[in-house]
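*Asks:* Questions regarding the structure given below will be posed in turn.
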Amino acid sequence: MTSPGRLELRVVTDKSELLRIMMAAWGSHRMMISLHVYDVAEIDALGLFEPDGSTAALASWTVRGETAYLCALHSLRPGEGAAIRMLDAVIFAARKAGAKKLKAMLTNDNMPGLTFYQRRGFRLSGVYLEAIDAYRSVVPTIIKTGYKDIPIHDAIELEIAL
Ligand SMILES: CC(C)(COP(=O)(O)OP(=O)(O)OC[C@H]1O[C@@H](n2cnc3c(N)ncnc32)[C@H](O)[C@@H]1OP(=O)(O)O)[C@@H](O)C(=O)NCCC(=O)NCCS
1105 MTSPGRLELR VVTDKSELLR IMMAAWGSHR MMISLHVYDV AEIDALGLFE
1155 PDGSTAALAS WTVRGETAYL CALHSLRPGE GAAIRMLDAV IFAARKAGAK
1205 KLKAMLTNDN MPGLTFYQRR GFRLSGVYLE AIDAYRSVVP TIIKTGYKDI
1255 PIHDAIELEI AL
């Protein structure tokens, strides 16, 4: 285990690992937030890397107007502080890009994600009932169950002021 302080933060240009993780965890590399679809292949990405080059965390984000959107946040070293540091890096980059708030989307099953974001000060900003069912009817590969096999139907949005 490496302390999060020793991880190296880099802009990610080769998004192949992130896209692979998205396909495995979500079934698509397109993410819907506020009913707008973002393709993780096309927007900005940041990563935290161990001294040996292996990946500790990856994030995908973009800005529209005064709102930044966190389209993916994946930790490959759970419980070691990598996601907290990754989120801090996205917040820093979003502020620098002029964003006034940061939004994230979680599916209804994602209790660890809900805990993670609310522990970091995010507040709920919207619940879109059956939004994932509707999205899955267009993109059938979207996963059907998630955390503890909970069926995935709805989108929960959270936001934090920057
Ligand atoms: C949600 C997710 C990003 C959290 O990642 P993580 O790396 O486990 O998160 P961190 O380690 O940074 O923080 C988790 C907890 O570990 C604690 N922690 C951090 N460093 C620690 C350490 N060295 N020792 C013990 N605990 C530590 C943190 O304080 C935090 O606890 P808290 O929330 O009670 O304060 C991760 O579960 C994940 O990748 N999920 C799948 C993708 C996903 O759902 N992403 C969110 C939607 S995009």
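Every number in my numbering is 1104 more than the matching position in the sequence shown, counting from 1. Beta carbons are placed, not taken as given, at the ideal position from N, Cα and C, and that holds for glycine.
Residues in its own chain within less than 8 Å of leucine 1123 by CB, not counting five upstream and five downstream?
*Replies:* The residues are His1133, Val1144, Ala1145.
*Asks:* Quick check: is any heavy atom of ligand 1 less than 7 Å from the C-beta of glutamate 1184?
*Replies:* yes
*Asks:* Could you pull the DSSP bridge partners for tryptophan 1165 from this structure?
*Replies:* Note: tryptophan 1165 sits in a beta bridge opposite Asp1148, Leu1174.
*Asks:* Starting from glycine 1109, follow its DSSP beta bridges and name the residues at the other end.
*Replies:* Per DSSP, none; premise fails for glycine 1109.
*Asks:* With a threshold of 7 Å, establish whether the CB of serine 1158 neighbours any heavy atom of ligand 1.
*Replies:* False, no ligand heavy atom lies under 7 Å from that Cβ.
*Asks:* Would the C-beta of threonine 1219 count as close to ligand 1, meaning under 7 Å from any of its heavy atoms?
*Replies:* Flag set: Cβ of threonine 1219 near ligand 1.
*Asks:* Span of the beta strand (DSSP E) holding glycine 1230?
*Replies:* 1227-1232
*Asks:* For a quick check, are the C-beta atoms of tryptophan 1165 and aspartate 1148 less than 8 Å apart?
*Replies:* yes
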